[in-house]
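Take a look at the structure set out below.
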Amino acid sequence: MKIEGKRRIWKEYQKEIAGDHYFYVRSCVRQNFFPGSEKTFLRILKEVLDKDIYENPSHTTCSGIGYHSDIVRFETSMTMVARQFALMTEAGYKNLATSCITSFGLYTEILETWHHFPEVEERVRKHLKNATGREFEVPDNLSHASDIIYKFRNEIASKGKLRLINHITGKPLRAVEHIGCHYSRMFPIKGIGGAEYPYVLTGMIEEWGGEVIDYPERRHCCGFGFRQYLIQANRGYSIACSKKKFDSMRPYKPDFILTNCPGCPMFLDRWQYAISEMEGITYGENGFGIPVLTYEELAGMILGYNPWDLGLQVHQVPVEPLLDKIGIPYDQSSKFLGKDGKFIGKPASPAFLKFL
Amino acid sequence: MKQFGYTILEDRSIDIDRNDQRIREFLSLNDPSINACIGCGSCTATCTAGHFVDFNIRRVHTFLRRGEAHLLKEEIQKCMFCGKCQLICPRGVNMRNLIISINSAIERMG
Amino acid sequence: MSREVIVIGGGIAGITAASSLSESGSRVTLLEKEKYIGGHVKKWDRLFPSFRPANEVLDWAEKSMSSDIEVLKEATITSIKREGDKFTVYIQNDEPVTGKAIVLATGYELFDARKKEEYGYGIYDNVLTSADLEAIFREGKKIVTADGKTPRRVGIVHCVGSRDEKVGNLYCSKVCCVTGVKQAIEIKQVLPGTDVYGFYMDLRMFDRHFEELYFEAQQKWGINFIRGRVSECAENEDRSILIKTEDTLTGKPLKMTVDVLILLVGFIPSVETNKLASMLGLQTGDDGFLLSMDEHTQDNNTAIPGVFLTGALKGPTSIINSIADARSTALQVQVYLKSIG
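Chains A, B and C are the protein sequences, given in the same order. Just so you know, we're using this note's numbering here: the first sequence kicks off at 51 and counts up by one. Just so you know, we're using this note's numbering here: the second sequence kicks off at 10 and counts up by one. Just so you know, we're using this note's numbering here: the third sequence kicks off at 18 and counts up by one.
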């Protein structure tokens with residue numbers, strides 16, 4: 051592998067990421083699957099990087115989930131997104147930061163559509179005015195939250211307490227990076243590193259001391275989509291996509307998987323459980339799975355936050371083996387205690403996949 | 010094992026790394042003309058059986074050359090040995106001879 | 018220096034045009050930007066369809082140039098001016114050259130395979146271009162993987178940078194298909210135990226003996242041809258390349274590992290061609306190559322009297338066709354020179 055070949059491509063696909071004053075829009079579902087992530091993002095931006103980030107309590111879904119399931123029409127989606135822009139403008143912000151990768155894809159698609167077809171933008175302005183009386187300005191900058199963490203990865207590394215190194219062997223941890231399809235596949239120039247060799251997560255891992263693995267099915271979708279997954283009978287297709295990736299990455303013995311989409315870590319984490327139940331296969335060492343992390347969780351780990359504050363207890367594939375490798379201390383007994391110390395309940399152990 | 014209401018779909022790609030090429034190699038030694046196929050489809054166009062049953066002789070021949078041997082045995086039952094495919098082939102592939110040989114090849118290989 | 022004809026470009030077309038012009042009585046100056054003449058043919062090992070050594074053709078070409086022809090190497094053209102019938106070509110760090118006619122023979126460049134990111138040229142160690150392979154043959158080196166081992170499987174990908182809207186080249190580069198078949202046979206000649214797979218969209222065996230070469234490749238050498246365009250390449254742990262394509266003839270996706278992958282890169286108009294075209298105000302086609310006066314009846318002339326075209330700057334072409342075209346251009350130049358007296 052000639053890494054200079056990749057670096058050349060990474061240099062070509064660069065984009066502007068706003069440096070401060072973000073208007074944050076949340077994901078519909080991430081709070082359920084990875085409860086600590088968005089909170090950690092806000093905490094990092096406010097406490098560690100001292101940035102101004104604001105979210106309006108009355109902001110809504112971008113409707114990406116409905117749009118990609120063919121339930122919501124594009125006109126409706128555009129109007130809902132216009133309302134988000136209106137809230138942003140009213141609060142005096144110009145930089146949009148999205149938590150969800152599908153949101154990022156949808157906002158990019160809408161901004162591109164308006165750029166090429168200004169009459170559509172005019173129409174949407176009318177819709178919004180009629181429906182809510184609001185007016186909006188198009189954001190100056192649209193970034194995904196992972197772009198922002200990428201931009202400040204050096205600062206996070208310098209303020210961080212730990213590196214992505216196996217403190218027992220001294221070697222860098224081996225990481226698989228997985229980009230959400232809506233990040234760079236739709237508009238490769240809007241993603242750092244482009245579509246073939248995306249760099250946003252690779253840059254983070256490299257800066258924080260880890261090693262990125264390039265394995266054959268690296269580019270393959272995890273199978274989330276929306277349409278195929280929502281109907282139970284179709285999930286065989288989705289799970290087969292993730293299984294293909296796991297089978298391909300297994301010989302490389304990765305220490306963890308890093309993702310930047312709400313759906314991908316959910317799939318890559320939960321499908322390891324489903325595959326173990328359906329076929330008895332596990333992909334990690336000693337009957338464990340390969341831990342799946344979001345970039346906020348990883349940044350939080352580097353900065354030394356309590357793993358249970360990051361929400362790592364709800365991962366179906368236990369993250370403890372990875373914490374042990376890095377040397378992050380954690381209190382196993384308080385894993386299933388809530389904020390007030392009350393027991394929140396422990397899930398039943400799977401048949402094959404080791405659970406702690 | 011648990012059932013969740015769906016099954017993990019199998020990869021349907023032709024995997025040259027895993028396919029068994031022995032039948033093809035055996036037949037190719039016998040009659041090298043089988044390698045000259047360009048996939049023009051003249052054989053299938055003229056095939057007597059192919060006009061009435063789902064039998065695509067060009068496809069069967071291509072599967073053979075890719076090592077997808079598991080499909081062959083059943084498919085070639087449909088051939089009527091009229092020989093028109095051999096008459097028309099612009100590359101001189103001994104198609105009829107090939108079909109006859111496949112059975113003996115499968116028997117040898119098991 | 019005043020000479021009758023200035024030929025710009027010292028590749029096979031330029032050399033042939035220069036010799037023909039000189040043989041038929043003109044005084045020729047040949048300008049070449051590199052330190053050597055011979056152009057791309059100098060980089061090839063053996064030519065299709067007969068596998069004759071490229072050096073034979075080059076030697077013939079160079080020997081056929083009479084000593085009358087003035088060859089200026091490392092000549093970078095800065096501008097071209099015209100006064101009546103006289104052209105003056107200004108050369109960097111050298112005296113300008115004048116003439117009554119100009120023949121452009123500035124040829125082509127090879128498509129930069131790194132632009133097809135999905136094939137990993139310049140990233141994966143075992144991906145080469147057809148030009149890299151020719152160099153290996155020419156230098157008498159062995160075909161080996163990056164680890165120095167003999168490859169058990171070699172893949173050849175057709176249409177890299179040609180017939181591809183995504184890189185902006187819709188045209189077919191004509192000669193890569195036969196090059197792929199030729200190289201497949203050459204690989205089998207040195208590595209008989211290696212399996213060779215060609216991945217094509219169409220096989221364009223357009224000239225004499227090309228189709229027979231294809232037949233020989235299949236029947237005699239057992240080379241496999243899979244009709245399907247390679248969509249992506251990935252690197253396995255041992256640095257071999259995993260290819261994904263569709264086997265369109267069976268209608269199923271296909272994947273396989275090859276130890277070495279060869280990319281058949283196509284033609285793009287050369288930088289010099291573009292530069293001279295804008296200097297002279299010549300028209301280019303949608304494909305970026307230069308347009309002649311009339312593709313059927315006046316393919317060597319341009320709309321500018323005294324300016325002629327020959328060779329690959331009009332579009333992808335073979336050496337055989339370039340030589341014929343160069344001679345045809347020489348004839349047109351003589352007709353023109355006679356007409357202006």
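The C-beta atom is built at its ideal place from N, Cα and C for all residues, glycine as well.
Listed in chain order, the beta strand (DSSP E) runs fully inside the stretch 64 to 106 of chain A are 72 to 75, counting runs of at least 3 residues.
Cβ contact annotation for residue 59 of chain C (same chain, cutoff 7 angstroms, sequence separation greater than five): 53, 75, in chain order. With its beta carbon less than 7 angstroms from one in chain B, residue 274 of chain C belongs to the interface. Taking a beta-carbon distance threshold of 7 angstroms, residue 125 of chain A does not count as an interface residue toward chain B. DSSP places residue 251 of chain A within a helical segment (H, G or I) once states are collapsed to three. Under the three-state reduction of DSSP, residue 55 of chain A is assigned to helix. DSSP places residue 175 of chain C within a strand segment (E or B) once states are collapsed to three. Here residue 258 of chain A is buried, its C-beta having at least 16 other C-beta atoms within 10 Å. Leaving aside the five residues that flank residue 272 of chain C on each side, the residues in its chain whose CB is nearer than 7 angstroms to its CB run, in chain order, 259, 260, 261. By the neighbour-count definition (other C-beta atoms within 10 Å, threshold 16), residue 181 of chain A is an exposed residue. Residue 151 of chain C is a Cβ neighbour of residue 62 of chain C, given a cutoff of 7 angstroms. At a cut-off of 7 angstroms, the C-beta of residue 23 of chain B has no neighbouring C-beta in chain A.
In the structure shown, residue 125 of chain C adopts extended strand secondary structure according to DSSP, grouped into three states. In this chain, the alpha helix (DSSP H) harbouring residue 292 of chain C covers 288 to 297.
DSSP, read as helix, strand or coil, puts residue 336 of chain A in helix.
Within the DSSP secondary-structure output, residue 170 of chain C pairs in a beta bridge with C/212.
Taking the CA atoms as reference points, residue 57 of chain C sits about 52 angstroms from residue 188 of chain A. If you look at residue 116 of chain B, you'll find it in the alpha helix (DSSP H) that goes 104 to 118. Interface annotation for the stretch 241 to 263 of chain A against chain C: 244, 245, 246, 247, criterion Cβ-Cβ distance under 9 angstroms. Burial is judged here by how many other beta carbons sit within 10 angstroms of a residue's own beta carbon; residue 131 of chain A has at least 16 and is buried. Counting C-beta atoms within 10 angstroms of its own C-beta, residue 90 of chain B has fewer than 16 neighbours from the protein chains shown and is therefore classed as exposed.
Residue 39 of chain C places its beta carbon 7 angstroms or farther from that of residue 344 of chain C.
In the three-state DSSP reduction, residue 91 of chain B falls in the coil class, being neither helix nor strand. For the stretch 249 to 279 of chain C, the beta-carbon criterion of a distance under 7 angstroms to any beta-carbon of chain B is satisfied by 264, 266, 267, 269, 270, 271, 272, 273, 274.
Within chain C, the residues whose beta carbon sits less than 7 angstroms from that of residue 45 of chain B are 232, 235, 236, listed in sequence order. Not one beta carbon of chain B lies nearer than 7 angstroms to the beta carbon of residue 277 of chain A.
Straight-line spacing of the CA atoms in residue 75 of chain A and residue 146 of chain C works out to 47 angstroms. Residue 282 of chain A and residue 15 of chain B have their C-alpha atoms spaced approximately 7 angstroms apart. For residue 143 of chain C, there is no enclosing beta strand (DSSP E), as DSSP marks it with neither H nor E.
Considering only beta carbons, the part of the stretch 326 to 342 of chain A lying closer than 8 angstroms to chain B consists of 327, 328, 329, 330, in chain order. At the C-beta level, residue 202 of chain C and residue 234 of chain C come within 7 angstroms of one another.
Secondary structure at residue 54 of chain C: coil, using DSSP grouped into helix, strand and coil. In summary, residue 70 of chain C is exposed, with fewer than 16 beta-carbon neighbours lying within 10 Å of its beta-carbon over all protein chains present. Apart from sequence neighbours up to five positions away, the residues of its chain that approach residue 178 of chain A with a beta-carbon distance below 8 angstroms are 129, 132, 133, 136, 184, 185, 186, ordered along the chain.
Below 8 angstroms, too few C-beta pairs join the stretch 290 to 304 of chain C and the stretch 196 to 214 of chain C to call them touching: fewer than three. For residue 301 of chain A, a Cβ of chain C is located within less than 7 angstroms of the residue's own Cβ.
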